[in-house]
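Number of protein chains: 2
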Amino acid sequence: MRKITDRQKQVLEYICDFIDEHSYAPSIRDIQKHFGLKSTKGVKDHIDRLVDKGYLNRKEGTARALKVIRDDTKAIKKVPLVGTVAAGLPLLAEENIEDYLPVSADMGRTEGMFFLRVNGDSMINAAILDGDLVLVRPQPFVEQGEIAVVRIGDEATVKRFFRFDSRIELLPENPDFEPIVYWDEDEDIRVVGKVTAVLRTLE
Amino acid sequence: MRKITDRQKQVLEYICDFIDEHSYAPSIRDIQKHFGLKSTKGVKDHIDRLVDKGYLNRKEGTARALKVIRDDTKAIKKVPLVGTVAAGLPLLAEENIEDYLPVSADMGRTEGMFFLRVNGDSMINAAILDGDLVLVRPQPFVEQGEIAVVRIGDEATVKRFFRFDSRIELLPENPDFEPIVYWDEDEDIRVVGKVTAVLRTLE
DNA sequence: CTCCTACCTATACATATGTTTACTTCTAAA
DNA sequence: TTTAGAAGTAAACATATGTATAGGTAGGAG
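Protein chains in written order, with numbering that gives the first Met the number 0: chain E, 0 to 202; chain Y, 0 to 202.
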């Protein structure tokens with residue numbers, strides 16, 4: 000049920016290209032002309048099927064109201080930038096959202112992900128500088144040594160994460176900083192997610 | 000000539016919101032209803048002015064063919080990723096384009112800009128690692144000490160740029176690498192542009 | 001063969017939508 | 001006061017566009 004025919008794929012691609020170029024969707028007759036068809040019916044059939052199969056969304060009776068759902072090529076998703084979070088969790092409360100930044104969809108699932116502005120130089124040797132933005136995928140555990148966002152009490156921090164039995168070590172990437180060590184029952188500490196990308200703006 | 004009235008701003012905002020929500024533009028009558036107007040004329044006037052003032056683009060006679068140019072809030076632009084360029088200039092030949100990455104429009108003008116994949120560790124102390132992507136704004140000159148993309152013969156390199164009279168020095172940010180020094184008439188050397196942002200994907 | 005689907009032509013209809021003409025009201029600048 | 005622009009009402013008009021009806025052809029599955 001999922002697969003589309005070659006022809007349907009051609010139509011879908013044309014729709015995507017058209018939107019890319021004009022930033023509005025083609026009309027049925029636009030598509031008709033492009034493929035040199037002599038009737039609008041064929042085009043509507045294709046669109047109907049693309050809608051059925053979940054590739055397109057449409058508002059019936061409305062001009063140029065096509066929306067591409069699954070492109071199978073690429074797309075852009077908007078990821079919220081949560082400020083330099085310190086106190087005031089939960090992280091994703093709407094009040095904390097400063098902005099939305101575009102991310103390539105081929106970076107994988109972006110649902111739930113968010114950007115966080117890094118505060119301080121503690122990760123400088125991992126090439127993460129003060130003010131850089133990190134893209135965070137929320138997850139309760141990370142692999143040994145991965146760079147993670149960790150919540151300690153009301154503070155959020157970015158560090159390399161290690162766990163030895165019930166001891167948790169958060170290692171900065173800067174010799175001027177000391178490792179942070181916790182024991183399980185010690186404090187309210189929790190892995191928020193894993194750092195997936197780094198974005199820095201110069202100038 | 001540039002400024003828009005409060006009412007026009009309201010209309011523009013509504014158009015942006017509508018597009019965000021539906022991913023296609025509102026019709027004139029959609030706007031009319033939203034503002035509780037009893038004629039389409041007023042709306043068309045507003046749109047005409049927004050077009051005149053460069054905030055909107057429109058295909059006349061075409062349904063829902065509005066395109067927001069200047070949002071004054073935010074937008075997304077796509078910037079081409081030129082591969083790990085070495086030989087094979089000119090840089091922006093279409094064959095070199097690997098992909099397009101989304102960039103926030105509030106990063107300024109993106110016309111002509113491109114992403115470049117950095118090769119090697121020579122800028123490691125500027126927190127630019129092997130494989131990182133740098134966003135480049137083409138420009139023939141850069142300020143003293145700025146990080147620039149420089150073309151030497153058929154190779155492109157990312158370095159800190161200095162010029163002393165007719166001597167050009169390209170300084171790596173890694174003690175293991177030696178500065179590169181050129182004289183004006185020495186070789187075919189040219190500043191391609193300035194590094195404006197750094198993007199790194201982990202995992 | 002028969003049935004079904006993908007794909008297409010031909011023609012027509014209904015309405016969604018951009019455009020226009022003619023006026024009115026209000027505010028601010030000259 | 002006069003003038004000009006912003007904002008809006010009213011009533012049409014023209015066409016761009018989605019939708020529907022009636023078939024037609026080709027190929028695969030049963």
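Beta carbons are placed, not taken as given, at the ideal position from N, Cα and C, and that holds for glycine.
Values in this document were obtained by computation on a predicted structure and should not be read as measured data.
Review point. Is residue 163(Y) buried or exposed, if buried means 16 or more other CB atoms sit within 10 Å of its CB?
Key: By one-based count along the second sequence, residue 163(Y) stands at place 164. It is exposed - the Cβ of residue 163(Y) has fewer than 16 other Cβ atoms within 10 Å.
Check your understanding: In terms of alpha-carbon separation, which member of 156(Y), 142(Y), 125(Y) lies closest to residue 173(Y)?
Key -> Taking the first residue of the second sequence as 1, we reach residue 173(Y) at position 174. Ranking 156(Y), 142(Y), 125(Y) by Cα distance to residue 173(Y) puts 125(Y) first.
Review point. Using the rule of at least 16 other Cβ atoms within 10 Å of the residue's Cβ for burial, across every protein chain shown, is residue 32(Y) buried or exposed?
Key: The sequence position of residue 32(Y) within the second sequence is 33, counting from 1. It is exposed - the Cβ of residue 32(Y) has fewer than 16 other Cβ atoms within 10 Å.
Practice item. Count the CB pairs spanning the region 182 to 198 of chain E and the region 134 to 142 of chain E that are closer than 8 Å, and state whether there are at least three. Key: yes
Check your understanding: Taking Cβ to Cβ, would you say residue 128(E) is nearer than 8 Å to residue 100(E)?
Key -> Walking along the first sequence from the start, residue 128(E) turns up at place 129. Walking along the first sequence from the start, residue 100(E) turns up at place 101. In this structure, the beta-carbon distance from residue 128(E) to residue 100(E) does not fall below 8 Å.
**Study point:** Any chain E beta carbon closer than 8 Å to residue 22(Y)
**Key:** Walking along the second sequence from the start, residue 22(Y) turns up at place 23. Interface residue, yes.
Practice item. Determine, using beta carbons only, whether residue 199(Y) comes closer than 8 Å to chain E. Key: Reading the second sequence from its first residue, position 200 is the one you call residue 199(Y). Taking Cβ atoms only, chain E reaches closer than 8 Å to residue 199(Y), which makes this a yes.
Exercise for review: For residue 17(E), I'd like the list of residues in its chain whose CB is within less than 6 Å of its CB, leaving aside the five on either flank, ordered along the chain.
Suggested key: The sequence position of residue 17(E) within the first sequence is 18, counting from 1. Within the same chain, residue 17(E) has close Cβ partners 25.
Check your understanding: Quick one: is residue 101(Y) near chain E, going by C-beta distance under 8 Å?
Key -> By one-based count along the second sequence, residue 101(Y) stands at place 102. Yes, residue 101(Y) lies at the interface with chain E (some Cβ there is under 8 Å from its Cβ).
Point to revise | Nearest candidate by alpha-carbon position, reference residue 11(E), set 144(E), 56(E), 156(E) | key: To locate residue 11(E), count along the first sequence from 1; it is residue 12. Checked all of 144(E), 56(E), 156(E); the closest Cα to residue 11(E) is 56(E).
Practice item. Express the C-alpha separation of residue 146(E) and residue 157(E) in angstroms, rounding to a whole number. Key: Indexing the first sequence from 1 puts residue 157(E) at position 158. Indexing the first sequence from 1 puts residue 146(E) at position 147. About 7 Å.
Point to revise | residue 64(E) in three-state terms, based on DSSP | key: Along the first sequence, read from residue 1 onward, the residue named residue 64(E) stands at position 65. Three-state result, residue 64(E): coil.
Point to revise | Under 8 Å between C-beta atoms of residue 52(E) and residue 123(E) | key: The sequence position of residue 52(E) within the first sequence is 53, counting from 1. The sequence position of residue 123(E) within the first sequence is 124, counting from 1. Their beta carbons are not under 8 Å apart, which means residue 52(E) does not touch residue 123(E) by this criterion.
Check your understanding: Since residue 198(E) contacts residue 198(Y) with CB under 8 Å, what's their CB separation in whole angstroms?
Key -> Taking the first residue of the first sequence as position 1, residue 198(E) is located at position 199. Taking the first residue of the second sequence as position 1, residue 198(Y) is located at position 199. Going by Cβ atoms, the distance from residue 198(E) to residue 198(Y) rounds to 5 Å, so yes, they are a contact pair.
Point to revise | Contained beta strand (DSSP E) runs [length at least 3] in the region 151 to 177 of chain Y, N- to C-terminal order | key: As far as the region 151 to 177 of chain Y is concerned, its whole beta strand (DSSP E) runs of at least 3 residues are 154 to 163, 166 to 170.
**Study point:** Interfacial residues, the region 41 to 70 of chain Y to chain E, with Cβ spacing under 9 Å
**Key:** Cβ contacts with chain E come from 56, 58, 61, 62, 63, 64, 65, 66, 67.
Check your understanding: Considering only residues of the same chain and omitting the five flanking positions on each side of residue 39(E), which have a CB-CB separation below 7 Å?
Key -> Translated into the one-based positions of the first sequence, residue 39(E) becomes position 40. Counting only Cβ-Cβ distances below 7 Å, and skipping sequence neighbours, we find 27, 28, 31.
Check your understanding: The alpha helix (DSSP H) with residue 13(Y) in it runs from where to where?
Key -> Here residue 13(Y) refers to the residue found at position 14 when the second sequence is read from its first residue. 5 to 21 is the span of the alpha helix (DSSP H), which, as asked, contains residue 13(Y).
Exercise for review: Starting from the Cα of residue 143(Y), find the closest Cα among 150(Y), 167(Y), 61(Y), 113(Y) and give me that residue.
Suggested key: As a first step, residue 143(Y) must be located in the second sequence, where it is residue number 144. That would be 167(Y), whose Cα lies nearest to the Cα of residue 143(Y).
**Study point:** Cut-off 8 Å between Cβ atoms - residues of its own chain near residue 68(Y), not counting five sequence neighbours on either side
**Key:** For the purposes of this step, residue 68(Y) is taken as the residue at position 69 of the second sequence. Same-chain partners within the cutoff: 53, 54, 55, 56.
Check your understanding: Looking only at C-alpha atoms, which of 15(Y), 114(Y), 6(Y) sits nearest to residue 195(Y)?
Key -> Residue 195(Y) sits at position 196 when you count from the first residue of the second sequence. Ranking 15(Y), 114(Y), 6(Y) by Cα distance to residue 195(Y) puts 114(Y) first.
Point to revise | Cut-off 6 Å between Cβ atoms - residues of its own chain near residue 119(Y), not counting five sequence neighbours on either side | key: On the second sequence, residue 119(Y) is found 120 positions in, with the first residue counted as 1. Within the same chain, Cβ atoms closer than 6 Å to the Cβ of residue 119(Y) are found at 129, the five residues on either side in sequence being excluded.
Point to revise | Residue of 64(E), 6(E), 103(E), 183(E) minimising C-alpha distance to residue 134(E) | key: Translated into the one-based positions of the first sequence, residue 134(E) becomes position 135. Comparing Cα positions, the closest option is 103(E).
Check your understanding: How would you list, in chain order, the residues of chain E whose beta-carbon sits under 8 Å from the beta-carbon of residue 194(Y)?
Key -> Reading the second sequence from its first residue, position 195 is the one you call residue 194(Y). The contacting residues are 201.
Exercise for review: Report yes or no: is there a C-beta of chain Y within less than 8 Å of the C-beta of residue 155(E)?
Suggested key: The residue labelled residue 155(E) in the question sits at position 156 within the first sequence. Not one chain Y Cβ lies under 8 Å of residue 155(E).
Practice item. Measure the C-alpha to C-alpha separation of residue 6(E) and residue 112(Y) and round it to an integer number of angstroms. Key: Counting from one through the first sequence, the residue named residue 6(E) turns up at place 7. Counting from one through the second sequence, the residue named residue 112(Y) turns up at place 113. So the two alpha carbons sit approximately 35 Å from each other.
Exercise for review: Could you tell me which chain E residues have their CB closer than 8 Å to the CB of residue 146(Y), listed as they occur along the chain?
Suggested key: The residue given as residue 146(Y) occupies position 147 in the second sequence. Per Cβ cutoff of 8 Å: 201.
Check your understanding: Which same chain residues, not among the five before or five after residue 121(Y), have their C-beta less than 6 Å away from its C-beta?
Key -> Stepping through the second sequence from its first residue, residue 121(Y) is reached at position 122. Answer for residue 121(Y): 171, 173, 176, listed in chain order.
Practice item. Identify the continuous alpha helix (DSSP H) that holds residue 41(Y) and give its terminal residues. Key: The count along the second sequence starts at 1 and reaches residue 41(Y) at position 42. Unbroken alpha helix (DSSP H) run through residue 41(Y): 39 to 51.
Review point. Is the CB of residue 128(Y) under 8 Å away from at least one CB in chain E?
Key: Start at 1 with the first residue of the second sequence, and residue 128(Y) comes out as number 129. Closer than 8 Å: yes.
Exercise for review: State the DSSP-derived secondary structure class of residue 131(E), mapped to helix, strand or coil.
Suggested key: What you label residue 131(E) is simply residue 132 of the first sequence in a count that begins at 1. Here residue 131(E) sits in coil by DSSP.
Exercise for review: Check the DSSP bridge columns for residue 196(Y) and list the partner residues they point to.
Suggested key: In the second sequence, residue 196(Y) corresponds to position 197, counting from 1. According to DSSP, residue 196(Y) bridges with 200(E), 134(Y).
Check your understanding: Where does residue 131(E) land, buried or exposed, given buried means 16+ other C-beta within 10 angstroms?
Key -> One-based indexing of the first sequence puts residue 131(E) at position 132. When all chains shown are included, residue 131(E) counts as buried.
Exercise for review: Please look up how many angstroms separate the CB atoms of residue 43(E) and residue 23(Y), rounded, as I've assumed it's under 8 Å.
Suggested key: Residue mapping note: residue 43(E) aligns to position 44 of the first sequence, counting from 1. Residue mapping note: residue 23(Y) aligns to position 24 of the second sequence, counting from 1. That pair is no contact at about 17 Å.
**Study point:** Per-residue burial, residue 72(Y) [other beta carbons within 10 Å of its own, 16 or more giving buried]
**Key:** One-based indexing of the second sequence puts residue 72(Y) at position 73. Any reading at residue 72(Y) needs caution, since the residue's pLDDT is 42, under 50, leaving its predicted position unreliable; the model's value is listed next. The residue is exposed, with fewer than 16 neighbouring Cβ atoms inside 10 Å.
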